[in-house]
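Report on one structure; see the data block that follows.
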Amino acid sequence: MTDFWKNFNGPVFSLAPMEDVTDTVFRETVMTMTSPGNLHVMMTEFSSVEGLNHPVGRKRVAERLVVNDSERKLLKELNIKLVAQIWGLNPEIYHNVSRWITEEYDFDGIDINMGCPVKKVVKMGACSALIDQPDRAAEIIHAVKSATHLPVSVKTRTGISRHDTERWIPFLLQQNPAAVILHGRTQRMQSEGEADWAQMALAVRLRNDMGLKTPIHGNGDILSMAQGLEKVTETGVDGIMVGRGIFYNPWFFSPEKTMATMEERIEKLLFHTRLFESTWQGKKNFNILKRFYKIYLNSFPGAAHMRAEIMETNNYEEVYAYFQSTDCTPARKTRSGGDYTD
Ligand SMILES: Cc1cc2nc3c(=O)[nH]c(=O)nc-3n(C[C@H](O)[C@H](O)[C@H](O)COP(=O)(O)O)c2cc1C
Numbered sequence: 149m150t151d152f153w154k155n156f157n158g159p160v161f162s163l164a165p166m167e168d169v170t171d172t173v174f175r176e177t178v179m180t181m182t183s184p185g186n187l188h189v190m191m192t193e194f195s196s197v198e199g200l201n202h203p204v205g206r207k208r209v210a211e212r213l214v215v216n217d218s219e220r221k222l223l224k225e226l227n228i229k230l231v232a233q234i235w236g237l238n239p240e241i242y243h244n245v246s247r248w249i250t251e252e253y254d255f256d257g258i259d260i261n262m263g264c265p266v267k268k269v270v271k272m273g274a275c276s277a278l279i280d281q282p283d284r285a286a287e288i289i290h291a292v293k294s295a296t297h298l299p300v301s302v303k304t305r306t307g308i309s310r311h312d313t314e315r316w317i318p319f320l321l322q323q324n325p326a327a328v329i330l331h332g333r334t335q336r337m338q339s340e341g342e343a344d345w346a347q348m349a350l351a352v353r354l355r356n357d358m359g360l361k362t363p364i365h366g367n368g369d370i371l372s373m374a375q376g377l378e379k380v381t382e383t384g385v386d387g388i389m390v391g392r393g394i395f396y397n398p399w400f401f402s403p404e405k406t407m408a409t410m411e412e413r414i415e416k417l418l419f420h421t422r423l424f425e426s427t428w429q430g431k432k433n434f435n436i437l438k439r440f441y442k443i444y445l446n447s448f449p450g451a452a453h454m455r456a457e458i459m460e461t462n463n464y465e466e467v468y469a470y471f472q473s474t475d476c477t478p479a480r481k482t483r484s485g486g487d488y489t490d
């Protein structure tokens, strides 16, 4: 297996792992709005190795690793790599689960989460808490690398209570991961404040000073491909990982598409809903899906009203019936005009 992280020509764009967001359904939906050549890597939601190692827990956690055939087809067509992201505590369990994932699935890489700041996981000493436990972090990286032929990357933050890039990044690079994805916030910052891109530039300088070529990808607050490319120029990172930017514009990876019409937005909402229902068949609560509706229903008159009304639906049929019954004509636009910014 080649190390795809090192085989890109030019800046790489990736879609960030997001729990309860980047499942097979969302990833496929995003790909239907992506122009070829603009998105290179996607990641699954983070999946607990301890959960995957548990005879009962495995079934539930493994839902995060599901890849529909229709998603697989698009990944091939668009030449996008798919990486399984894992997290946990015990290096031996990391090792066993990484071997199992490699044998049972068809991922292009494995990413270790050393960035999640959520109290529950940090208390256990996992994810971003590993920034302050370098020995354990190293042990985990080696446990995963020795279990798989797939490239093993690490997604992390700049520190715990303050930026610690100067210590943490060289240490990580010494463990020879296939790539480092750096979110420019500390654990303490959670999602607050601004991502500090100067830390990304620092990480790149430190890597260069070590004479290494390990790709470093920057992450945090990127709202357009153009902005991402500016950051590449400014900081020297090899790629940009996009998280919440996709919520503001699901056509993020088709920058030539300046403004999607209401019809296009509704069509995507219906596609997403239909795929959600056929994929999960009741295993995931329909309400999870409703959080996505804001992504589609905005930037046109009456969008806020539609969003409020659609909250009453319980399945695809009802969503479809709602749009059938809705008169999305200019008359309606006049009636509820003025809320273009909703
Ligand atoms: C809803 C949500 C879920 C997330 N879940 C994960 C996750 O499973 N694994 C991970 O490494 N980061 C996770 N993150 C963090 C993102 O991957 C990303 O690092 C962060 O949102 C900053 O990037 P952005 O400013 O482009 O959103 C999550 C973020 C959000 C908003």
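Using the working numbering, the first residue of the sequence shown is number 149, and each one after it goes up by one. Beta carbons are placed, not taken as given, at the ideal position from N, Cα and C, and that holds for glycine. Being a predicted model, the structure only gives us computed values, none of them experimental.
- Message: Can you give me the C-alpha to C-alpha distance between R333 and R392, rounded to a whole angstrom?
- Response: 15 Å
- Task: May I ask you to report which of helix, strand or coil DSSP gives H243?
- Result: The answer is helix: DSSP assigns H243 an H, G or I state.
- Query: Helix or strand or just coil, what does DSSP make of A479?
  - Reply: Annotation note: pLDDT 35 at A479 (below 50); position unreliable, coordinate value reported separately. Reduced to three states, the DSSP call for A479 is helix.
- For G158, count neighbouring C-beta atoms within 10 Å of its own C-beta (all shown protein chains included) and say buried if the count is 16 or more, exposed if not. exposed
- alpha helix (DSSP H) runs wholly inside the stretch 274–305, at least 4 long, in chain order: 282–293, all fully within the stretch 274–305.
- Query: For L200 versus L163, is the C-beta spacing smaller than 8 Å?
  - Reply: no
- Roughly how many whole angstroms lie between the Cα atoms of I443 and R208? So the alpha carbons of these two residues sit roughly 27 Å apart.
- Hey, which residues come within less than 7 Å of ligand 1, measuring from Cβ to any heavy atom, in chain order? A164, P165, M166, E167, D168, V169, E193, F194, Q233, N261, G263, C264, K303, H331, S339, A343, N367, G368, D369, I370, M389, V390, G391, R392, G393
- Query: By DSSP, does G341 sit in helix, in strand, or in coil?
  - Reply: coil
- Over what stretch of residues does the beta strand (DSSP E) that includes G199 continue unbroken? That residue, G199, is in no beta strand (DSSP E); its alpha helix (DSSP H) goes 197–200.
- In terms of DSSP beta bridges, what is N367 paired with? According to DSSP, N367 bridges with H331, M389.
- Task: Can you check DSSP and say which residues form a bridge with W235?
- Result: S196
- Item | Element boundaries [alpha helix (DSSP H), containing N433] | Element bounds for N433: n/a, residue is neither H nor E.
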